[in-house]
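J.: Sequence order for the protein chains is A and B. For the record, in the first sequence the residue sitting at position 235 is 235 according to the working numbering, with numbers rising by one throughout. For the record, in the second sequence the residue sitting at position 193 is 1193 according to the working numbering, with numbers rising by one throughout. C-beta: ideal position from N, C-alpha, C; glycine also.
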Amino acid sequence: MPMWTLLGLTRGTATTDWPLGQDDGQKNTLGMPRYHPDKCEAGCKECIAVCLPGALTSAHSDEVRLHVDYGRCIACQMCVEVCPAGAMQTSNDWAFAVHEREDLRWKQALQSPEAGNLKSRVEGAFKSSLHIRHVDAGSCNGCESELQALNNPFYNLHRLGIFLTPSPRFADVLLVTGTVTYAMHDALLATYEAMPEPKWVMAMGTCAVSGGIAKGGYSSGSGLEGVLPVDVYLPGCSPNPAAIIHALLMLLERAPQRVHDGQMDMSRHE
Amino acid sequence: MNGALEIRLGPADLQSACEALLRDGGRMQMAWAWYPSLGGIEVCYLTTQGVRQQFALWRCNTTDQTLPSLAGITPLLGWYEREITDLFGVRFDGQPEPYPLVLQEGARPILSPLNPAYPVDTAMPFKRQPARIPQVLGDDIQELPFGPVRADVVESAQFLFFYLGEHILHYQPRLFFKHRGMEKRFEGLEPALGVILAERVSGIGSFAHALAYCQAVESACDCTIPPRAAWLRTLCAELERIYNHLHYFGHLADTTTLKVASAEGKLLEERVKQISARLCSNRFLRNLLQPGGLRHDLNIYTGLSEELQKLQREINRYLGQLSRTSSYLDRLIDTGMLSRQVAFDQGATGPVERASGLDRDLRRDHAYAAYAAVKLEVSLRDKGDANARAEVRAEEIRVSTDLIAQLLTDIPAGAYCNPCVTKPNGEGIGWCESPRGALYYAVHLDGSGKLQRVKIKSPSFSNWRVFPYTVHGSNMMDYAINEASFGLSIAGCDR
Chain A
1 MPMWTLLGLT RGTATTDWPL GQDDGQKNTL GMPRYHPDKC EAGCKECIAV CLPGALTSAH
61 SDEVRLHVDY GRCIACQMCV EVCPAGAMQT SNDWAFAVHE REDLRWKQAL QSPEAGNLKS
121 RVEGAFKSSL HIRHVDAGSC NGCESELQAL NNPFYNLHRL GIFLTPSPRF ADVLLVTGTV
181 TYAMHDALLA TYEAMPEPKW VMAMGTCAVS GGIAKGGYSS GSGLEGVLPV DVYLPGCSPN
241 PAAIIHALLM LLERAPQRVH DGQMDMSRHE
Chain B
1001 MNGALEIRLG PADLQSACEA LLRDGGRMQM AWAWYPSLGG IEVCYLTTQG VRQQFALWRC
1061 NTTDQTLPSL AGITPLLGWY EREITDLFGV RFDGQPEPYP LVLQEGARPI LSPLNPAYPV
1121 DTAMPFKRQP ARIPQVLGDD IQELPFGPVR ADVVESAQFL FFYLGEHILH YQPRLFFKHR
1181 GMEKRFEGLE PALGVILAER VSGIGSFAHA LAYCQAVESA CDCTIPPRAA WLRTLCAELE
1241 RIYNHLHYFG HLADTTTLKV ASAEGKLLEE RVKQISARLC SNRFLRNLLQ PGGLRHDLNI
1301 YTGLSEELQK LQREINRYLG QLSRTSSYLD RLIDTGMLSR QVAFDQGATG PVERASGLDR
1361 DLRRDHAYAA YAAVKLEVSL RDKGDANARA EVRAEEIRVS TDLIAQLLTD IPAGAYCNPC
1421 VTKPNGEGIG WCESPRGALY YAVHLDGSGK LQRVKIKSPS FSNWRVFPYT VHGSNMMDYA
1481 INEASFGLSI AGCDR
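(1) How would you label Asp1064 (chain B), buried or exposed, when you count the other beta carbons within 10 angstroms and need 16 or more for buried?
(2) So with Cβ pairs under 8 Å, would you call Val232 (chain A) a contact of chain B?
(3) Going residue by residue through the region 1424 to 1449 of chain B, where are the continuous beta strand (DSSP E) segments of at least 3 residues, counting only ones entirely within it?
(4) Let me see if you follow: with CB-CB separation under 8 Å, is Val1120 (chain B) close to chain A or not?
(5) Cutting at 7 Å between CB atoms, please list the residues of its own chain near Glu1238 (chain B), excluding the five before and the five after it.
(6) Using a C-beta cutoff of 8 Å, does Leu1289 (chain B) count as contacting chain A?
(7) Can you look up Phe1055 (chain B) in the DSSP assignment and give me helix, strand or coil?
(8) Quick check: the Cα distance between Met1124 (chain B) and Asn1115 (chain B), rounded to an integer number of angstroms?
(9) Determine the extent of the beta strand (DSSP E) in which Met202 (chain A) is found, giving its start and end residues.
(10) Would you identify the three-state DSSP class for Tyr1163 (chain B), choosing helix, strand or coil?
(11) Go through its chain and collect everything with a Cβ distance to Ala1056 (chain B)'s Cβ below 7 Å, but skip five positions before and after it.
(12) For a contact defined as C-beta to C-beta under 7 Å, what are the partners of Ala1151 (chain B) on chain A?
(13) Can you find at least 3 beta carbon pairs, one from the region 1093 to 1111 of chain B and one from the region 1126 to 1141 of chain B, that sit closer than 8 Å?
(14) Name, please, each residue of chain B whose Cβ falls closer than 7 Å to the Cβ of Tyr218 (chain A).
(15) Run through chain B and tell me which residues come within less than 8 Å of Leu130 (chain A), C-beta to C-beta.
(16) Determine whether the Cβ of Asp261 (chain A) lies closer than 8 Å to any Cβ atom of chain B.
(17) So for Leu249 (chain A), helix, strand or coil by DSSP?
(18) Compare the C-beta of Ala1263 (chain B) with all C-beta atoms of chain A and state if any pair is closer than 8 Å.
(19) Contact between the region 195 to 205 of chain A and the region 221 to 236 of chain A is defined here as three or more beta-carbon pairs at a separation below 8 Å; is this criterion met?
(20) Looking at chain A, which residues of the region 1270 to 1298 of chain B have a Cβ within less than 9 Å of any of its Cβ atoms?
(21) Based on Cα-Cα distance, which residue from B:His1170, B:Val1154, B:Arg1363 lies nearest to Leu1160 (chain B)?
(22) In angstroms, rounded to a whole number, what distance separates the CA positions of Arg1132 (chain B) and Gln1172 (chain B)?
(23) Could you tell me if Pro1459 (chain B) is buried or exposed, where buried requires 16 or more neighbouring beta carbons within 10 angstroms of its beta carbon?
(24) Could you tell me how far apart the beta carbons of Leu1076 (chain B) and Gly1347 (chain B) are, in whole angstroms, since I believe they sit closer than 8 Å?
(25) Among A:Gly31, A:Ala183, A:Thr179, A:Phe170, which has the Cα closest to the Cα of Arg1174 (chain B)?
(26) If we ignore side chains and look at the alpha-carbon of each, how far apart do Cys1417 (chain B) and Ala1031 (chain B) end up?
(27) Considering only residues of the same chain and omitting the five flanking positions on each side of Gly1181 (chain B), which have a CB-CB separation below 7 Å?
(28) Please list the partners that Leu147 (chain A) has in chain E, where partner means a Cβ-to-Cβ separation under 7 Å.
(29) Can you check DSSP and say which residues form a bridge with Ile162 (chain A)?
(30) Applying a beta-carbon distance threshold of less than 9 Å, which residues of chain A neighbour Val1454 (chain B)?
(31) DSSP on Asp1254 (chain B), reduced to helix/strand/coil?
(32) Within the continuous beta strand (DSSP E) that includes Leu1288 (chain B), where are the two ends?
(33) Going along chain B, which residues have a C-beta under 9 Å from Phe340 (chain A)?
(34) So, with DSSP's three-state summary, where would you put Val230 (chain A)?
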């Protein structure tokens, strides 16, 4: 046992100071592809044909030829690979958490968004501390792997005053992963019912947001659509630990929402 | 079917063939059903005559949806038969556990869900009913149903304990709450697109699933991959093994209340995930494979070798220190004993079977990717306790880090992908030794070269069947440690 204490001490600090500092641990990690409508060619449906979860659909208009729904995107990058015109391009846009489902649908930006100017949803007392109850409602286990990573020494979620709790009775947030299979549906609702008010729900991963690649099968469901009211949507497959931290801080109003109308704020002025 | 020798059998021949297989030292690997275009339902049994012998595939047609059960002869087939009953409606006469497995009691699909006539986008009617569970009756016996929502960040499943004080009399896991019908999702897709699904069957086995799937398609389409692709596939497969095994030790240390050792294991796991992301832009090594090779080349960045060497030293120090921690060893030694016989009969795979003395590893016995070209030691123990399972994994991490160093020194130049043209009515089997054991994909293509049926056999499907045999008669205090020592995942099993 003393050897472990010694090892712990000699290893020094492993924890990142992100989001204050720069090292989010996601060097080279790709996020959602960015859509450049000016390059999109009429009559071309290459990307639609390879988009398994149906994030890309035909828009039948001259200005915008594609409907892009990032709530369905699994960031598989297939559209980027098949697009002959470069209208879909890789990006590091993975901090994709939003409050309104509508903000995950790409729209021509008419005016600059009021980032950081969110209406207050969170009672002051919760801003510095948050307890999360996670429920796996039919995931591939990728989201659980990244949630477990939050407690590793690199991300060390506790430093932000955020904790995962075993009991729904102590929880402020229900964090749901997976497609909400028929067999998990009732257990998920029972967990939500067991939580005290006020309570929030976060849909983590594209499966929980919209059903993802398994949407609407004989057993798989369509995520939280029509199941529970959602306060934060975080699409991704799987969202990386930094994206989860951003989403949780956003829920606590300690970080601004960065995506509006399906676009990362800094990208719309580029 | 490409990848295996074919033997056609009638329903009446199955039982004697199965008895002969076992007599000759063979073993069943998996079974699945599908609807061939000629009509009826065909049930396929994948077998090996002995270690390192070629796979043999038994094909048996049924027109009246009834076959004799083989589960009484080789128990590991029990779950496969029950799955086929749930999803295809085939009855197995004499099945010793005639209860639903994959579908919950109360699920009433109008047609068998894997019948191509069942629409891809239609939910099945479901009215919850109590599950039929063997009851354990007697004075003072308590029943503890745990789950499907359990403590901490874990996958959903329900565990039923029948216990007296600390002593567990009987243990029954109820899985498949997470059954998403993944195999159905492949129907009608282009083979090149199926890989996106395969990567999302089991997140922490994304690469292994994509690899086995691609190899099945390549086999069905008679497609070869360039040497560079074979090399890089091997490298990524070993990276996946390392981060999974490091997670395993982080978790095992947590169950034995070693906080620093748990943190260290998970930190090392994080480092490997970050290296994976730098190499291929995804922490789970996704979006990299396609039939014919890779979708893009790997970013072999400067400093990678040095970084891996440093990591290897830290891993060795970590594993060495664990193996000298007596409080940890005390909890593992003699815990969750799995005998060689039960491991064989019930179908244990991967590190679990290798810890019970069964010397099998697909990387060596049925070499794929670049494994035939490298030196590979297979780790083996014969005691079958939790400590043996941990030791096998510790050795495998060392072997994998050596293997990666070996692979990095001479990555072949050239293309990273060959064109893979789909072949109408092609059929193929693909496999790989994933971090948790033998993973198989069977692929049947239709007349237009699209996916007609894809069967997935994940290693945890095998090991979940075995695990309860180490819990009956054990005690509550050891349960979490024993479960951690198996290193099970649920998503791949449930699909």
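T.: So, from the listed chains and residues:
(1) Position 64 of the second sequence, counted from the first residue, corresponds to residue 1064 (chain B). Asp1064 (chain B) comes out exposed.
(2) Locating residue 232 (chain A) in the first sequence gives position 232, counting from the first residue. Interface flag for Val232 (chain A) against chain B is unset, since no Cβ pair is found closer than 8 Å.
(3) As far as the region 1424 to 1449 of chain B is concerned, its whole beta strand (DSSP E) runs of at least 3 residues are 1427 to 1434, 1437 to 1445.
(4) In the second sequence, counting from the first residue as 1, residue 1120 (chain B) sits at position 120. It does: the Cβ of Val1120 (chain B) has a partner Cβ on chain A nearer than 8 Å.
(5) For this step, residue 1238 (chain B) is matched to residue 238 along the second sequence. Ser1400, Leu1403, Ile1404.
(6) Numbered from 1 along the second sequence, position 289 holds the residue referred to as residue 1289 (chain B). Using beta-carbon distances, Leu1289 (chain B) does not count as an interface residue toward chain A, since no partner is under 8 Å.
(7) The residue you call residue 1055 (chain B) lines up with position 55 of the second sequence. Looking at Phe1055 (chain B) - three-state DSSP - the assignment turns out to be strand.
(8) Within the second sequence, numbered from 1, the residue matching residue 1124 (chain B) stands at position 124. Within the second sequence, numbered from 1, the residue matching residue 1115 (chain B) stands at position 115. Taking the CA atoms as reference points, Met1124 (chain B) sits about 13 Å from Asn1115 (chain B).
(9) Walking along the first sequence from the start, residue 202 (chain A) turns up at place 202. First-last of the beta strand (DSSP E) with Met202 (chain A): 200 to 204.
(10) Here residue 1163 (chain B) refers to the residue found at position 163 of the second sequence. DSSP, reduced to helix, strand and coil, places Tyr1163 (chain B) within a strand of the structure shown.
(11) For the purposes of this step, residue 1056 (chain B) is taken as residue 56 along the second sequence, with counting starting at 1. If you ignore the 5 residues before and after Ala1056 (chain B), its C-beta comes within less than 7 Å of the C-beta of Ala1004, Leu1005, Ile1007, Thr1047, Gln1049, all in its own chain and listed in chain order.
(12) The residue labelled residue 1151 (chain B) in the question sits at position 151 within the second sequence. Residues of chain A passing the Cβ test: Pro166.
(13) Look at the beta carbons and you see the region 1093 to 1111 of chain B touching the region 1126 to 1141 of chain B: at least three pairs across the two are nearer than 8 Å.
(14) In the first sequence, residue 218 (chain A) corresponds to position 218, counting from 1. Residues of chain B passing the Cβ test: Pro1109, Pro1113, Tyr1118, Thr1122, Ala1123, Met1124, Gly1181, Lys1184.
(15) Stepping through the first sequence from its first residue, residue 130 (chain A) is reached at position 130. By Cβ distance, chain B contributes nothing, its closest Cβ being about 15 Å from Leu130 (chain A), past 8 Å.
(16) Translated into the one-based positions of the first sequence, residue 261 (chain A) becomes position 261. Residue contact check for Asp261 (chain A) against chain B: no CB pair falls below 8 Å.
(17) Here residue 249 (chain A) refers to the residue found at position 249 when the first sequence is read from its first residue. Three-state DSSP puts Leu249 (chain A) in a helix.
(18) For the purposes of this step, residue 1263 (chain B) is taken as the residue at position 263 of the second sequence. Judged by the 8 Å Cβ criterion, Ala1263 (chain B) is in contact with chain A.
(19) Taking 8 Å as the limit for Cβ pairs, the verdict is that the region 221 to 236 of chain A does touch the region 195 to 205 of chain A.
(20) Correct list: Glu1270, Arg1271, Lys1273, Gln1274, Ala1277, Arg1278, Leu1279, Cys1280, Ser1281, Asn1282, Arg1283, Phe1284, Arg1286, Asn1287, Arg1295, His1296.
(21) As a first step, residue 1160 (chain B) must be located in the second sequence, where it is residue number 160. Per the Cα distances, B:His1170.
(22) Taking the second sequence and counting its residues from 1, the one referred to as residue 1132 (chain B) is at position 132. Taking the second sequence and counting its residues from 1, the one referred to as residue 1172 (chain B) is at position 172. Those two C-alpha atoms are separated by around 11 Å.
(23) The residue you call residue 1459 (chain B) lines up with position 459 of the second sequence. Classification of Pro1459 (chain B): buried, given that the 10 Å Cβ count is 16 or more.
(24) Taking the first residue of the second sequence as 1, we reach residue 1076 (chain B) at position 76. Taking the first residue of the second sequence as 1, we reach residue 1347 (chain B) at position 347. With a Cβ gap of about 3 Å, Leu1076 (chain B) and Gly1347 (chain B) count as contacting.
(25) Residue 1174 (chain B) sits at position 174 when you count from the first residue of the second sequence. Comparing alpha carbon positions, the residue from A:Gly31, A:Ala183, A:Thr179, A:Phe170 closest to Arg1174 (chain B) is A:Ala183.
(26) On the second sequence, residue 1417 (chain B) is found 417 positions in, with the first residue counted as 1. On the second sequence, residue 1031 (chain B) is found 31 positions in, with the first residue counted as 1. If you take the alpha carbons of Cys1417 (chain B) and Ala1031 (chain B), they lie about 32 Å apart.
(27) Within the second sequence, numbered from 1, the residue matching residue 1181 (chain B) stands at position 181. If we look at Gly1181 (chain B) and ignore the five residues flanking it on each side, its Cβ neighbours are Pro1113.
(28) Among the protein chains of the structure shown, namely A and B, there is no chain E.
(29) Start at 1 with the first residue of the first sequence, and residue 162 (chain A) comes out as number 162. The partner list for Ile162 (chain A) (beta bridge, DSSP) reads A:Leu130.
(30) Residue numbering aside, residue 1454 (chain B) sits at position 454 when the second sequence is read from its first letter. Close to Val1454 (chain B), with beta-carbon spacing below 9 Å, lies no residue of chain A; the smallest spacing is near 14 Å.
(31) Counted from its first residue, the second sequence places residue 1254 (chain B) at position 254. In the structure shown, Asp1254 (chain B) sits in a helix (DSSP, three-state: H, G or I).
(32) On the second sequence, position 288 is the one that residue 1288 (chain B) refers to. Neither: Leu1288 (chain B) is in no beta strand (DSSP E) and is coded neither H nor E.
(33) Since the displayed chain A opens at 1 and closes at 270, residue 340 (chain A) lies outside it and no answer follows.
(34) Here residue 230 (chain A) is taken as the residue at index 230 of the first sequence, counted from 1. Secondary structure at Val230 (chain A): coil, using DSSP grouped into helix, strand and coil.
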